[in-house]
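Under full-length UniProt numbering, the first residue of the sequence shown is numbered 1, with each subsequent residue one higher.
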Amino acid sequence: MALRPLTSYITSHNASGQAIIHSTVPAQWVRYDDDSLAFDVVYTTSSFPVDLNGEADIKAHDDLLSSGKLRLVQPGGTVCRIVDFAPGNKALIHRTKSLDYGVVLEGEVEMILDSGETVILGRGDVAVQRGTMHGWRNTSETEWLRMLFVLQDCRPVMAGGEVLGEDLAGSEIELSKKSEK
1 MALRPLTSYI TSHNASGQAI IHSTVPAQWV RYDDDSLAFD VVYTTSSFPV
51 DLNGEADIKA HDDLLSSGKL RLVQPGGTVC RIVDFAPGNK ALIHRTKSLD
101 YGVVLEGEVE MILDSGETVI LGRGDVAVQR GTMHGWRNTS ETEWLRMLFV
151 LQDCRPVMAG GEVLGEDLAG SEIELSKKSE K
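Dropping the structure here:
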């Protein structure tokens, strides 16, 4: 894979109140669909607004990942995730109960909506997903695509007079289990 390895740098404060690096975390990838898709959970929060005092957020993040109970969205919190898509991957149409920011870091992606509407996003483009049914397809047959997603829990989404819940199209996946890419 031609995409460079990733590292997360988590900051904190020393006893004098100065900013320090608390920890350096190399990406830990979970692979799916015969290695055509890989996730790295960069960070999670379990409340909003988040409590940064006494490193409560770091402990909550570590506890959530080690519990194996993280799903696509963290109820009452946020999930920051990097997703790598293989060349020519197939789009899985899905909906999360969340407000998501999807940022293209490398490559080009086709965003597909269940209405049939599509748009091509390039490096630096941002999709703001508001509880909609959508999918992502890497437009390249030779290059990997990398996106950054921040998912925030939201109140139930209403459309057409009904509540729209999470819909993963039958693809339940364990997102907190780690395996090297």
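Even glycine gets a Cβ: it sits at the ideal position worked out from N, Cα and C. Because the structure is a prediction, the values reported are computed rather than measured.
Please state if the CB of residue j and the CB of residue i are separated by a distance shorter than 8 Å.
i, j, result
"Leu164", "Gly116", "no"
"Leu145", "Val103", "no"
"Ile20", "Ser8", "no"
"Asp40", "Ala86", "no"
Quick one: grab the DSSP three-state call for residue i.
i, result
"Glu143", "coil"
"Glu162", "strand"
"Ala38", "strand"
"Tyr9", "strand"
"Glu180", "Interpretation of Glu180 is limited by its pLDDT of 41, a score under 50 that renders its predicted location unreliable; the figure taken from the coordinates is listed afterwards. Looking at Glu180 - three-state DSSP - the assignment turns out to be coil, as it is neither helix nor strand."
"Asp167", "strand"
Which partner residues does residue i have in the DSSP bridge list?
i, result
"Asp153", "Ser98"
"Leu52", "Looking at the DSSP assignment, Leu52 forms no beta bridge with any residue, so it has no partner."
First and last residue of the beta strand (DSSP E) that includes residue i?
i, result
"Ser23", "Ala19 to Pro26"
"Arg31", "Trp29 to Tyr32"
Worksheet entry | In chain order, each beta strand (DSSP E) run of at least 3 residues that lies wholly inside the stretch 64 to 138 | Counting only runs of 3 or more, we get 78 to 85, 98 to 106, 109 to 113, 118 to 121, 126 to 130 and 134 to 138.
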